[in-house]
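Novice: In the numbering used here, the protein residues as written are 315 to 690. There's a structure below that I have some questions on.
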Amino acid sequence: MDAFYASVEQRDNPELRGKPLVVGGTTNRGVVAAASYESREFGIHSAMPMRDALRRCPGLLRVRPRMAHYKSVSRQIFEIFHSFTPLVEGLSLDEAFLDVTASVALFGTPLDIARAIKEKIQTETCLTASVGVAQNKLVAKIASDLDKPDGLTVVLPDDYSARLDPLPVAVIPGIGRETLKRLEGTAISTVRDLRLAEDRVLEPVFGRFTRKTRERASGIDDRPVVPSRAEKSISAEETYDEDLTRIDAMERELLRLTERTASRLRKAGLAAGTVQIKIRQSDFKTFTRQRKAQPAVSGTDSIYAVARDLLSAWLARNPGAKIRLLGVGGSDLAPATQPDLFAAESAATGVDKTVDAIRDRFGADVLGRARTLDRR
Numbered sequence: 315m316d317a318f319y320a321s322v323e324q325r326d327n328p329e330l331r332g333k334p335l336v337v338g339g340t341t342n343r344g345v346v347a348a349a350s351y352e353s354r355e356f357g358i359h360s361a362m363p364m365r366d367a368l369r370r371c372p373g374l375l376r377v378r379p380r381m382a383h384y385k386s387v388s389r390q391i392f393e394i395f396h397s398f399t400p401l402v403e404g405l406s407l408d409e410a411f412l413d414v415t416a417s418v419a420l421f422g423t424p425l426d427i428a429r430a431i432k433e434k435i436q437t438e439t440c441l442t443a444s445v446g447v448a449q450n451k452l453v454a455k456i457a458s459d460l461d462k463p464d465g466l467t468v469v470l471p472d473d474y475s476a477r478l479d480p481l482p483v484a485v486i487p488g489i490g491r492e493t494l495k496r497l498e499g500t501a502i503s504t505v506r507d508l509r510l511a512e513d514r515v516l517e518p519v520f521g522r523f524t525r526k527t528r529e530r531a532s533g534i535d536d537r538p539v540v541p542s543r544a545e546k547s548i549s550a551e552e553t554y555d556e557d558l559t560r561i562d563a564m565e566r567e568l569l570r571l572t573e574r575t576a577s578r579l580r581k582a583g584l585a586a587g588t589v590q591i592k593i594r595q596s597d598f599k600t601f602t603r604q605r606k607a608q609p610a611v612s613g614t615d616s617i618y619a620v621a622r623d624l625l626s627a628w629l630a631r632n633p634g635a636k637i638r639l640l641g642v643g644g645s646d647l648a649p650a651t652q653p654d655l656f657a658a659e660s661a662a663t664g665v666d667k668t669v670d671a672i673r674d675r676f677g678a679d680v681l682g683r684a685r686t687l688d689r690r
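So this is what it looks like as structure tokens:
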């Protein structure tokens, strides 16, 4: 999908269309989660510190992420994918590999299928997608990025060298900033350079991955499309404009994050067998703590009790800590079971579900626990 989060926001709010926009934390200490194409003209990109983005574009519009909404739109898109093939491997909410080999008899050539998918996405969601068509995942991924937004690029095996060779070496998956630094001074800047380089040049950089890297530069990839597995964890986190220094403020924010995580678990019909918290101090040192939950939990109060104990134990060992980021998550996920009708957890879960329904209808901020209201 093209600038997925930002495109959803521009679709839903006409006043945002055609303007530089980012989705991310609304504080200057947050990071950009997604950038519209208008903001990319200023050099703004995802994962950029918000402060840097605002420096590049003082008139930048900022929108807080609506992850539950993006997930709902993503489900629509993946339903479209599954209407053409059961072999769908999701990489994220807005990206997937599809193996359409067995679908040709029903829907026509791979190019026909790609066009049909794009058209259906546009018709049903009013969003655009860029599609790459190739014989393997590696080349299809590279091709999908060659003509954004709303692109459709086909790269046939006979064209691999002509299409891939001129591209910067960074298009090869696995070659990031650190690898690019190690390549400095080797005269390797394009895929062709990488494909033709001698082992004595590549081995100091790639080591035992030299052969695999050369294969990728040659467009060779034998990985199958593996249908996506169930979600492994669900979490929520937030970076704060001002460090949290008071314990009551930390616990209040922890509860807010717990509400978000627990709501997502319930909507997915899941319960967490492990509860974890994430803490990042003002000096950027990051800690995680976790504890098993028996039985698995999805209720806000049950998750918060564990999370608060974990935070209290950490604070006892780190007095005076200044917290920049907090997170709460659940892992070891399993289908939620029907609790004992006479148990306290059952009553609490019923209240949680009522709160979920009200927030879904009227907005996340319309209803909250009293303990979360004081944001001083």
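For every residue, glycine included, the Cβ atom is placed at its ideal position computed from N, Cα and C.
Look at P334 and E323 and say whether their C-beta atoms are less than 7 Å apart.
Specialist: In this structure, E323 does not lie closer than 7 Å to P334 by Cβ.
Novice: On a Cα-Cα basis, can you pick out the residue from K546, T527, A619 and V346 that is closest to A582?
Specialist: Taking only the C-alpha atoms, the option nearest A582 is K546.
Novice: Among E573, I617 and L568, whose alpha-carbon lies nearest the alpha-carbon of I593?
Specialist: Here the closest residue by C-alpha is L568.
Novice: Write down the C-beta distance between Y554 and R343 rounded to the nearest angstrom, noting that I regard them as a contact closer than 8 Å.
Specialist: Right, their Cβ atoms sit about 7 Å apart.
Novice: Using only CA atoms, which one of L330, G332 and A347 lies nearest to G338?
Specialist: Per the Cα distances, A347.
Novice: Among N632, G332, P400 and D426, whose alpha-carbon lies nearest the alpha-carbon of L374?
Specialist: Of the candidates N632, G332, P400 and D426, the one whose C-alpha sits nearest the C-alpha of L374 is G332.
Novice: Per the contact definition of three or more C-beta pairs closer than 8 Å, is the segment 444-453 in contact with the segment 463-474?
Specialist: Yes, the segment 463-474 touches the segment 444-453.
Novice: For R570, count the other beta carbons within 10 Å of its own beta carbon; 16 or more makes it buried, fewer makes it exposed. Which is it?
Specialist: Buried is the call here.
Novice: So if DSSP puts I591 in a beta bridge, which residue, or which two residues, is it bridged to?
Specialist: For I591, which the question treats as bridged, DSSP gives the partners R603 and V642.
Novice: Give every residue of the same chain whose Cβ lies closer than 7 Å to the Cβ of Q436, excluding the five residues on either side of it in the sequence, and list them in chain order.
Specialist: Once the five neighbours on either side are set aside, the close Cβ partners of Q436 are T442.
Novice: Quick check on DSSP: helix, strand or coil for T423?
Specialist: T423: coil per DSSP, three-state reduction.
Novice: Just list the alpha helix (DSSP H) runs in the segment 327-357, keeping only unbroken ones of 4 residues or longer that don't cross its boundaries, in chain order.
Specialist: Counting only runs of 4 or more, we get 351-354.
Novice: With distances taken Cα to Cα, identify the nearest neighbour of F318 among V345, S360 and P328.
Specialist: Among V345, S360 and P328, the Cα nearest to that of F318 belongs to S360.
Novice: Kindly confirm or deny that the segment 628-640 and the segment 550-565 touch, where touching means at least three C-beta pairs closer than 8 Å.
Specialist: With a cut-off of 8 Å, the segment 550-565 and the segment 628-640 count as touching, because enough Cβ pairs lie within range.
Novice: Would DSSP call E438 helix, strand or coil?
Specialist: E438 falls in the helix class under three-state DSSP.
Novice: Among residues of its own chain, excluding the 5 on either side of I489, which ones have a beta-carbon nearer than 7 Å to its beta-carbon?
Specialist: Closer than 7 Å at Cβ, skipping near neighbours: V483.
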